[in-house]
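Have a look at the structure below before the remarks.
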Amino acid sequence: MVRIDGSLGEGGGQVLRTSLALSLVTGKPFTIQNIRAGRKKPGLLRQHLTSVKAAEAVGAAEVSGAELGSRELTFRPSALAAGNYHFAVGTAGSATLVLQTVLPALLLAEGPSTLMLEGGTHNPMAPPFDFLQRAYLPLVRRMGPSVEATLERAGFFPAGGGRFRVDVRPAPLKPLHLLERGRVVRRDLKAVIAMIPFDVAQRELGTAGAALKWRPDELRTEELKRPLGPGNVLVAEVESEHVTEVFTGFGERGKRAEAVAGQVAEEVKRYLDADVPVGEHLCDQLLLLMALAKGGVFRTLPLDGHAETQLQTIAQFLDVKVEVREVSREVREVEVRA
Amino acid sequence: MAKSRARKTVVLGMLGTTLDNGQGPHRWARWRPTVALCQQEDLLVHRLELLHPPNATSLAATLVGDIRQVSPETEVRGRVLDIRNPWDLEETYGALLDYVRGYAFNPEAEDYLVHITTGTHIAQICMFLLVESRLIPGKLVQVSPDPRDRAGAGTHTLIDLDLSQYDTLAARFRQEQREGLAFLKSGIDTRNAAFNRLIERIEQVAVQSRAPLLITGPTGAGKSQLARRIYALKKSRRGVAGPFVDLNCATLRGDGAMSALFGHVKGAFTGALSDRPGLLRQANGGVLFLDEIGELGADEQAMLLRALEDKRFLPVGADREVESDFQLIAGTNRDLQVEVERGRFREDLLARINLWTFRLPALRERPEDIPPNLLFELDQSSEAVGTRVTMNKEAQERFLDFATSTEARWAGNFRDLNAAVLRMATLAVGGRITRDVVDEELERLREQWRPSGAKAAVVAGDLVAEVLGENLASELDRFDRVQLADVLSVCRASRSLSDAGRVLFAQSRAQKKSVNDADRLKKYLARFGLTWADVSGRGA
């Protein structure tokens, strides 16, 4: 029985999701205590419960402590089952986080799966669908399995109602080498709006475009047709020869469009200046995939708290060695070996 | 695959025709309480019973769809509630009551929350009343928007109307109750469990009820004291506004009784020179304590019953009834049930007044309470005699040894204890009650509680010693001594030997067995070496 301390790192929901994902893949049961100990409302919230329920279904698991507000959970998977799944997340919570919980296991399952996910597709504090589709899944495909994601409808907080489909054809995970990003082949800055004044998009594009010095033809506004609720997201995509990275900023009440754009531009600039292939969000996910592949190496920015927590959790389930080397002040090389 | 089986959370709520309103896509930019309730990250509503007026069906349908979107875990059941005027308390409460009565609550498996953010104030009040009266076995829930993000879900608060669930309030209630109990016991730290339970119950009833109370118990057990305390407690908790009026019914006699209780009008009878309100009217809005209620006459009982049932009665000589609303506390040391059987007390009146009957135990029945009461009486006596009265340990032990023994009958209960302590306090030099003072008091108490027959026997026994002398008397067998004692007492009370003979041999005389009583007595006395002159006590 693997024992996890939920107060690890920033004490958020990531420890729980990574543990669920690894438990499904390895078949090792685990107990997690102090769930989300560091947060204002500690214990399991509804979005976490949805991830637990999804993992429970995929792993035919025996679960105790899966209740609202619970600070302790025990999870014992019995058999990994590929197939058709439908997961709906309440409170417009992130459906992509639910996918990240069950996808690693389904990549390695006996047969193909189809997942229908409903809820939020573009949530702050979670990878948006664009990141999934453009940055994460292409790398997964490069490692072996075939995965396709199709957005049927975007869902923003608070209305939710987003919907996307993911088709998975499993294959063994091969180690990945990603030391160079190569030449930048395409840059795209997209301001998505739904029931939000058009000028918000214009201001976001203007601010970020100027800060990044991107050409006008690289900036565009996308207004969602027949939206379920209001929403605004600014998505910057940097497509290079060997990798694509996606950066996002969310418009919120009380947050100026210029501030949203400024933050996104800052993140993109840091990535471009460091000349690394992997940004910080992709890093967390690659660590998990490479640990499962038992090999690989990539270059990224200095590891943040999220990545450290991810490494500690992985070490609880998998017997792999991870070495982080400092290449320069802004560049780290991460190598995973069996 | 064992799934965790958590209880289900069910919300009953009114659709807010204003707050929940909105059909276009811009509705999501507004905070809608019913939707927000289903968007709480830390509250999962398994089922929502959405009550709505008949004309809000389309709005209800929108809400059902929206809630399905933000909370796929929630089942929404729309229910039409036909309230024409939701600002009308009677109609709204009636409709909700009908709904609740017909609802299949299953508290074993489901937790109920009543959503009060929406609906008119009247609807909210009705919901509150239904929860407070436990007709809905649940808690209240209220949502409030996030002031910085009006489109967000905001937060929710659960309100449990069971106030004992709140630690600080519960602590305050306990404190208040303890104070109430200590108050009823005059601050005496009584230890008798049965007595303490009785006082607890009286406290509950006294604070909450306006119904008559009947206090029974032997004389001196503290009925009158307790009635005063109950009144004072009610007054301090604002349970009563009027005065405390008390009367011992044993002091009522004849024509004056009716008038004292119910008043009279001027000229009702000879001597009725002016109107008299009577005690019942004086007690209006307050408490009337009728001690020894078993002593009330038949007419007074009938009138009192009417006054209790209708809060109206007829003063003597009046042709119009007057009103008075008071709480009755009745006291009695008699068994009123027996009085009813003997036809001396009205059965219907007893039924009226013994809704709450409290029997105060005799002091003898709770010996463990004598020490705290002794301390209390010492304090009281200190005030009465004007100096601090103390009792050293030895004296206290000596007194308590006796006071808690079976020998101590405490026939007059607290009246006896109070008198004993007051006597000791008065005789205590410098306020210190010594062992000698205690011993003297114990003699007095023994004397006081001696059964009257035994008292005579002892007096007679002393007569034997007086006449024969201690030495000779002590040589007598008890058998002879008792007989002699009685003979001597008759002799003392008689004018002559013949008189005494006639009394002593009355039966023989009646049956004409013996006529010479005087001679028979003379011979009997001679056996002890006594003559009439020795025993007559008159020196003749």
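Read top to bottom, the protein sequences are chains A and B.
The working numbering puts the first residue of the first sequence at 50, with every later residue one more than the last.
The working numbering puts the first residue of the second sequence at 66, with every later residue one more than the last.
We put the CB at the ideal spot given by N, CA and C, even for glycine.
For residue i, the three-state DSSP class (helix, strand or coil)
i: Gly604/B; result: Here Gly604/B scores only 46 on pLDDT, less than 50, and its place in the model should not be relied on; the value that follows carries that caveat. The answer is coil: DSSP assigns Gly604/B none of H, G, I, E or B.
i: Met456/B; result: strand
i: Ala395/B; result: strand
i: His226/A; result: strand
i: Trp30/B; result: Beyond the ends of chain B as shown, which are 66 and 605, falls residue 30/B; an answer cannot be given.
i: Trp421/B; result: strand
i: Arg546/B; result: helix
i: Ala67/B; result: Caution is warranted here: a pLDDT of 38 is assigned to Ala67/B, below 50, making its placement in the model unreliable, and no coordinate value can be reported.
i: Phe79/A; result: strand
i: Val51/A; result: strand
i: Arg381/A; result: strand
i: Leu367/A; result: coil
i: Leu350/A; result: coil
i: Tyr185/A; result: helix
i: Ser289/A; result: strand
i: Phe327/B; result: helix
i: Gln402/B; result: helix
i: Leu146/A; result: helix
i: Lys587/B; result: helix
i: Asn261/B; result: helix
i: Arg371/B; result: helix
i: Ile224/B; result: strand
Residue i to residue j span [Cα, whole Å]
i: Arg417/B; j: Pro202/B; result: 34 Å
i: Ala67/B; j: Ala115/A; result: Its pLDDT being 38, under 50, Ala67/B is placed unreliably in this model, and the value from its coordinates should be taken loosely. In a straight line, the C-alpha of Ala67/B is about 12 Å away from that of Ala115/A.
i: Arg480/B; j: Ala367/B; result: 32 Å
i: Gly76/A; j: Ala174/B; result: 33 Å
i: Thr255/B; j: Leu249/B; result: 11 Å
i: Val249/A; j: Phe299/A; result: 12 Å
i: Glu462/B; j: Pro437/B; result: 13 Å
i: Ala605/B; j: Arg560/B; result: Annotation note: pLDDT 38 at Ala605/B (below 50); position unreliable, no value reported.
i: Ala473/B; j: Asp466/B; result: 10 Å
i: Ile224/B; j: Leu98/A; result: 25 Å
i: Ile394/B; j: Ala259/B; result: 21 Å
i: Ile245/A; j: Leu331/A; result: 29 Å
i: Thr316/B; j: Ser251/B; result: 27 Å
i: Met79/B; j: Pro90/B; result: 22 Å
i: Ile435/B; j: Val270/B; result: 26 Å
i: Ile84/A; j: Leu65/A; result: 7 Å
i: Arg407/B; j: Asn419/B; result: 18 Å
Which listed residue (the options) has its alpha carbon closest to that of residue i
i: Pro172/B; options: Phe238/B, Val76/B, Arg142/B and Ala449/B; result: Val76/B
i: Ser554/B; options: Thr316/B, Gln572/B and Val529/B; result: Val529/B
i: Glu508/B; options: Met489/B, Gly495/B, Arg497/B and Gly496/B; result: Met489/B
i: Ile81/A; options: Asp248/A, Arg302/A and Gly61/A; result: Gly61/A
i: Leu350/A; options: Lys318/A, Pro265/A and Leu225/A; result: Lys318/A
i: Ile264/B; options: Asp444/B, Ser446/B, Leu425/B and Phe193/B; result: Leu425/B
i: Val292/A; options: Arg269/A, Arg275/A, Leu321/A and Gly278/A; result: Leu321/A
i: Thr183/B; options: Ala236/B, Arg431/B, Phe170/B and Leu102/B; result: Leu102/B
i: Pro137/B; options: Gln105/B, Leu344/B and Leu369/B; result: Gln105/B
i: Leu338/A; options: Pro221/A, Gln182/A, Gly204/A and Val112/A; result: Pro221/A
8 Å contact criterion, which residue i and residue j should meet: CB distance rounded
i: Leu562/B; j: Lys587/B; result: 7 Å
i: Thr455/B; j: Arg409/B; result: About 48 Å; that fails the 8 Å criterion.
i: Arg202/A; j: Gly210/A; result: 7 Å
i: Val51/A; j: Leu157/A; result: Actually they do not touch by this definition, with Cβ atoms about 18 Å apart.
i: Leu117/A; j: Leu109/B; result: 5 Å
i: Leu352/A; j: Arg381/A; result: 6 Å
i: Phe464/B; j: Val503/B; result: 5 Å
* Asked: Does the pairing of the stretch 173-191 of chain A with the stretch 251-260 of chain A give three or more beta-carbon distances under 8 Å?
  -> Per the Cβ contact rule, the stretch 173-191 of chain A is not in contact with the stretch 251-260 of chain A (fewer than 3 Cβ pairs under 8 Å).
* Asked: Is the number of C-beta pairs between the stretch 282-289 of chain A and the stretch 169-183 of chain A that are closer than 8 Å three or more?
  -> Result yes; three or more Cβ-Cβ pairs closer than 8 Å.
* Asked: On the three-pair Cβ rule with 8 Å, is the stretch 94-103 of chain A touching the stretch 131-141 of chain A?
  -> Between the stretch 94-103 of chain A and the stretch 131-141 of chain A, the count of Cβ pairs shorter than 8 Å is three or higher; the stretches touch.
* Take every Cβ of the stretch 356-365 of chain A, pair it with every Cβ of the stretch 159-176 of chain A, and state whether three or more of those distances are shorter than 8 Å. => The stretch 356-365 of chain A, when compared against the stretch 159-176 of chain A, does not touch it at the 8 Å Cβ threshold.
* Is the number of C-beta pairs between the stretch 314-327 of chain B and the stretch 276-283 of chain B that are closer than 8 Å three or more? -> Three or more Cβ pairs closer than 8 Å define a contact, and the stretch 314-327 of chain B falls short of that threshold against the stretch 276-283 of chain B.
* Contact between the stretch 203-219 of chain B and the stretch 96-103 of chain B (3+ Cβ pairs under 8 Å) -> With a cut-off of 8 Å, the stretch 96-103 of chain B and the stretch 203-219 of chain B count as touching, because enough Cβ pairs lie within range.
* **Cβ contact check for the stretch 141-156 of chain B and the stretch 235-242 of chain A: 3 or more pairs under 8 Å** => No contact exists between the stretch 141-156 of chain B and the stretch 235-242 of chain A.
* Answer yes if the stretch 297-311 of chain B comes into contact with the stretch 341-353 of chain B, meaning at least three C-beta pairs across the two stretches below 8 Å, and no otherwise. => Short answer: they touch.
* Evaluate contact between the stretch 142-154 of chain B and the stretch 366-375 of chain A, counting only Cβ atoms and requiring at least three cross-stretch pairs below 8 Å. => They do not touch, by the three-pair rule.
* Give a yes or no on contact between the stretch 324-333 of chain B and the stretch 380-394 of chain B, applying the rule of three or more CB pairs nearer than 8 Å. => Segments in contact, yes.
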